[in-house]
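Presented below is the structure to which this report refers.
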Amino acid sequence: MKLRGTLLTVLLAGAFGLCVGPFYWLAMAATQDNRDVFSWPPKLLPGGHLMENLQGLQESIGLTRVLLNTLLVAGLQTVGAVVVSVLAGYAFAKFDFRGRNLFFVLLLSTLVIPDTVMLIPIFQMMMDLGLIDSYESVILPGLVTPFGIFLMRQALRSMPDELLDAARVDGAGELRVLWRIVIPVNRPIIAALALFVFLGGWNQFVWPLIALRSPEMYTLPVATATLQGLATTNYAQVLLAGAIAAVPVMALFLVLQRQFISGLLAGATKE
Amino acid sequence: MSLAPSERAPATGAATTTATGTPAGRGTHRHPGSARRGRRRLLTPESVPYLLIMPAVLGFAIFKAYPIAASFWISLTTGNGDDRQFSGLANYRRLLDDPLFWTALKNTALILVVQVPLMLGLALLVALALNSTKVWLRPLWRLGVFVPSLTGLVAAGVMFSVILNRDAGLLNWVLSLFGVDRVNWLGSPVWARVGVVLVITWHYTGYNAVMYLAGLQGVPKELYEAAMVDGAGPVRRFFSITLPQLRPILLLTVVLSTIGTLQLFDEPYVLTGGGPDNATLTVTMYLYNNGFKYFDFGYASALAYALALIVSLLGILQVRLMGERR
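From first to last, the protein sequence lines stand for chains U and D. Going by the UniProt record's numbering, the letters in the first sequence line up with residues 1 to 271, in that order. Going by the UniProt record's numbering, the letters in the second sequence line up with residues 1 to 326, in that order.
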């Protein structure tokens, strides 16, 4: 039995290495001189060019502005999508109303329709509204997430009705019930949802690539991709941009790990 | 501030407006003078659920329902920008005769049948290992395998475009330690596909593993105990208990991975740009090229609808095949 534990641990350590190894290399490559990124054998220890590469990124893509853009877009999208999802999820979970199932099925059915179907009409809509190349154009389409509404409905359904009714009997209005009971009780799953949405917003690529025109509006993924397309690509800088994109996400994940995993569990197992 | 008694429906619970609480002005028009009165009538027990879903429904109408319908209309037209002519099914006919569409579809299908089973098999393996109580340092491994799925596709893409470099990439270097010759990842049609599959597998295996782990932890322990009393070995227990219990989650991951793979865009876009020789051109990438490089919206929309059709057919098929009990 001890042997089996050892074997499994070795297997998992191997999987861990395969998953995390590339990040280690990325972190090291981001501190090299451009030529040293392509040295053989690869340099697996820190080089001394981090500051230089950071400065290079600041000059080539305007790193600070691009980071702020990404943070703004992902942040606002998170707040908006969480509010929309909690409100709708609460209604779908705890109220009986005409058209409930119809609305819910319609919302969910968009999950299986590829986002690409919507790209061109949304692009035209944004053109007509004069919103192309604006923050709004990137943020707005991300506010309705069928997945988020589904997740919140699943989570809120398991709340005991007695808890809500007790508050109502005490004279609390629906919004008070939502704010004082539903949200505090479900804080972990709401945090998980927020993290999911933030991740999606921080990393989204296709739509911002289409909707944004001027380099000072770019988000980090778009800026990184355009940087890579150049003939004289400075790979140390591109890789540093990749590393910078990954760092805050992982830090956030480490901090909220427990909530994140429990959110994933809730979405996956409740039925 | 409570509602007038006549408006109150005790059965569904009384709704009360509070001084601070309205639906925060979103969707409702607030006129400073008439706010109180307006609010009072807005928040009846019957209207509360509708007010709650209103933002979602509005967003759904604008950013899902309308684009889905508009996209279909556009797919029936040809022309540039606003100057569109109705052309019936011309775009769809063109699509059937377009060798590049079939290449893209073939590439996508190939990646689908190779990558999804490979990834989900690995994920199940990792989940089973993670679920074993005999393993040391479990939280660390769980964290580690999940980390790749947090990375954006672009970050992962640029990272792997260098790792897969033929002359100086990390992967070829590691392989050389085992005496394997340098592989021209990304440079040759066959290996470019393998490379794309490797990157997607790296990216999403851990995510699926954590989903499976969640499912495994939801399997009642008594089932295993009963099976052991009956003398069922580990293999038997796996096939008779674990797999059937995991079926809903298996179905979910299969459907989600299929949808994801059919829409594959970012990885090949960043890694190979669709090359070499269109070997990694995917349907979504071809759609993107037509729509946003050549601005042929009609044809791109027809491609989008063809893709949507394939995705939904496959989805329905999978639910039929795997989800009989639901």
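A virtual CB, placed ideally from N, CA and C, is assigned to each residue, including glycine. Nothing here was measured: the structure is a model prediction, and the numbers come from that model.
Task: Residue of D:Asn172, D:Gly144, D:Ile111 minimising C-alpha distance to U:Tyr24 - done: D:Gly144
Open item on the list: Between which residues of its own chain and U:Leu199 is the CB-CB distance below 7 Å, once the five residues before and five after are set aside?
Closed with: Val249
Task: Residue span of the beta strand (DSSP E) that contains D:Arg84, given as start and end - done: 83 to 86
- [ ] Find out if the Cβ-Cβ distance for the pair D:Ala127, D:Met211 is shorter than 9 Å.
- [x] yes
Task: U:Thr233 in three-state terms, based on DSSP - done: coil
Open item on the list: Taking 8 Å as the cut-off, does the segment 107 to 114 of chain U touch the segment 146 to 157 of chain U (at least 3 CB pairs, one atom from each stretch)?
Closed with: yes
Task: Proximal residues of chain D, C-beta to C-beta of U:Arg4 below 8 Å - done: Ser132, Lys134
Open item on the list: List, from N- to C-terminal side, the beta strand (DSSP E) runs of 3 residues or more that fit wholly inside the segment 85 to 111 of chain U.
Closed with: none
Task: Exposure of D:Tyr305, with buried meaning 16 or more beta-carbon neighbours within 10 Å - done: buried
Task: For U:Asp115 and D:Leu317, the rounded distance between their alpha carbons - done: 20 Å
Open item on the list: Quick check on D:Trp202 - is its C-beta less than 9 Å from some C-beta in chain U?
Closed with: yes
- [ ] Locate the beta strand (DSSP E) running through U:Asn186, then write down its first and last residues.
- [x] Per DSSP, U:Asn186 belongs to no beta strand (DSSP E) and is neither H nor E.
Task: Contact belief for D:Thr282 with D:Pro268 at Cβ below 8 Å, rounded distance in angstroms - done: 6 Å
Task: Closer than 7 Å at the beta carbon, the chain D residues around U:Met51 - done: Those do not exist, as U:Met51 stays about 20 Å from chain D at its closest Cβ, beyond 7 Å.
Open item on the list: I'd like to know whether the C-beta of U:Glu174 is nearer than 9 Å to at least one C-beta of chain D.
Closed with: yes
Task: Distance CB(U:Pro121)-CB(D:Ile310) smaller than 9 Å - done: no
Open item on the list: Could you compute how far the alpha carbon of U:Gln204 sits from the alpha carbon of U:Arg187?
Closed with: 25 Å
Open item on the list: Beta-carbon within less than 7 Å of D:Gly187's beta-carbon, same chain only, minus the 5 sequence neighbours each way: which residues are those?
Closed with: Arg166, Pro276
Task: Proximal residues of chain U, C-beta to C-beta of D:Ser312 below 8 Å - done: Val112, Ile113
TODO: Round the Cβ separation of D:Met285 and U:Leu239 to the nearest angstrom and send it over; I've been treating them as touching at under 8 Å.
DONE: Incorrect: roughly 23 Å between the Cβ atoms, too far for contact.
Open item on the list: Using a 10 Å radius around the Cβ and a threshold of 16 neighbouring Cβ atoms, would you call U:Glu59 buried or exposed?
Closed with: exposed
Task: Identity of the residues DSSP links to D:Thr77 by a beta bridge - done: D:Phe86
TODO: Under 7 Å between beta-carbons, which chain D residues line up against U:Ser60? List them in chain order, please.
DONE: By Cβ distance, chain D contributes nothing, its closest Cβ being about 14 Å from U:Ser60, past 7 Å.
Open item on the list: Three or more C-beta pairs under 8 Å: does that hold for the segment 46 to 60 of chain U against the segment 190 to 201 of chain D?
Closed with: no
Open item on the list: Quick check: the Cα distance between D:Leu137 and U:Leu151, rounded to an integer number of angstroms?
Closed with: 30 Å
TODO: Select from D:Leu303, D:Arg247, D:Leu307, D:Lys221 the residue whose C-alpha is nearest the C-alpha of D:Arg320.
DONE: D:Arg247
Open item on the list: Between U:Ile132 and chain D, is the shortest Cβ-Cβ distance under 9 Å, so that the two count as touching?
Closed with: no
Open item on the list: Any beta carbon from chain U within less than 9 Å of D:Leu175's own beta carbon?
Closed with: no
Open item on the list: Check for me: the alpha helix (DSSP H) holding U:Ile210 runs from which residue to which?
Closed with: 206 to 211
- [ ] Leaving aside the five residues before and after D:Ser71 along the sequence, list all residues of the same chain whose C-beta is less than 8 Å from its C-beta, in chain order.
- [x] Ser301, Ala304, Tyr305
Open item on the list: Output needed for U:Leu164: all residues of its chain with C-beta closer than 7 Å, excluding positions within five of it in sequence on either side, in chain order.
Closed with: Lys94, Val177, Ile181
Task: Best match in U:Thr70, U:Tyr90, U:Val66, U:Met125 for proximity to U:Leu156 [C-alpha to C-alpha] - done: U:Tyr90
Task: Any chain D beta carbon closer than 9 Å to U:Gln257 - done: yes
Task: Burial state of D:Phe295, where buried means 16 or more other Cβ atoms lie within 10 Å - done: exposed
- [ ] Please confirm if U:Asn69 has its CB atom under 9 Å from at least one CB of chain D.
- [x] no
Task: C-alpha gap between D:Ser240 and D:Pro234, whole angstroms - done: 10 Å
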